[in-house]
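**Student:**
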Amino acid sequence: MWPLVGEVDVWAVLPTILVPTLVVHHADDPIVAPAKGRYVAENISGAKYVELRGRNMDLFVEPWRDPFQEIAEFLTGHQADMADDRVLATVLFTDIGGIAVHGWALWRDRMMCWCPAHCTTS
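The sequence shown maps to residues 1 to 122 in the numbering used here.
1. What number of angstroms, rounded off, separates the C-alpha of R53 from the C-alpha of V8?
2. Determine the contact status of H25 and N56, defining contact as a CB-CB distance below 8 Å.
3. Following the continuous beta strand (DSSP E) through L52, name the residue where it begins and the one where it ends.
4. Using 8 Å as the threshold, is the C-beta distance between K48 and L22 below it?
5. Give me the Cα-Cα distance between V19 and S45, rounded to the nearest whole angstrom.
6. Could you tell me if P15 is buried or exposed, where buried requires 16 or more neighbouring beta carbons within 10 angstroms of its beta carbon?
7. How big is the Cα-Cα spacing for D66 and D28?
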């Protein structure tokens, strides 16, 4: 699906967006350059652009706090105070019938698509 995402062109419709818009981008995004995020914000009237440090594209992993605080401020007008209340209590790994090898191949292939410079094929 990623090859299709690269073909989507929304530049022409950006000026037609008339609702409050927040564009959050990470400075070291390996897929989409921050300049493209800035362009999106600059071409939506009144949009707010926030560039965060790092390369986190998945908001369910660390560092998740900064993006969520920006989103909370955009939606509510103030930054939420988010306590460190998450604890990893248990990790369970079971390899049934060698499925982990298959899972690793899927993960490796996905990472090759996202960031070829950091992956090997073995």
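Cβ coordinates follow ideal geometry from the N, Cα and C atoms, glycine included. Note that the structure is a prediction, hence the values are computed from the model and not measured.
**Tutor:** Inspection of the coordinates gives the following:
1. C-alpha separation (whole angstroms): 26 Å.
2. The Cβ-Cβ distance between H25 and N56 does not fall below 8 Å.
3. K48 to L52 is the extent of the beta strand (DSSP E) around L52.
4. Yes; because the gap between Cβ atoms is below 8 Å, this pair is in contact.
5. Going from the Cα of V19 to the Cα of S45 covers about 8 Å.
6. Exposed.
7. Going by the C-alpha atoms only, they are around 15 Å apart.
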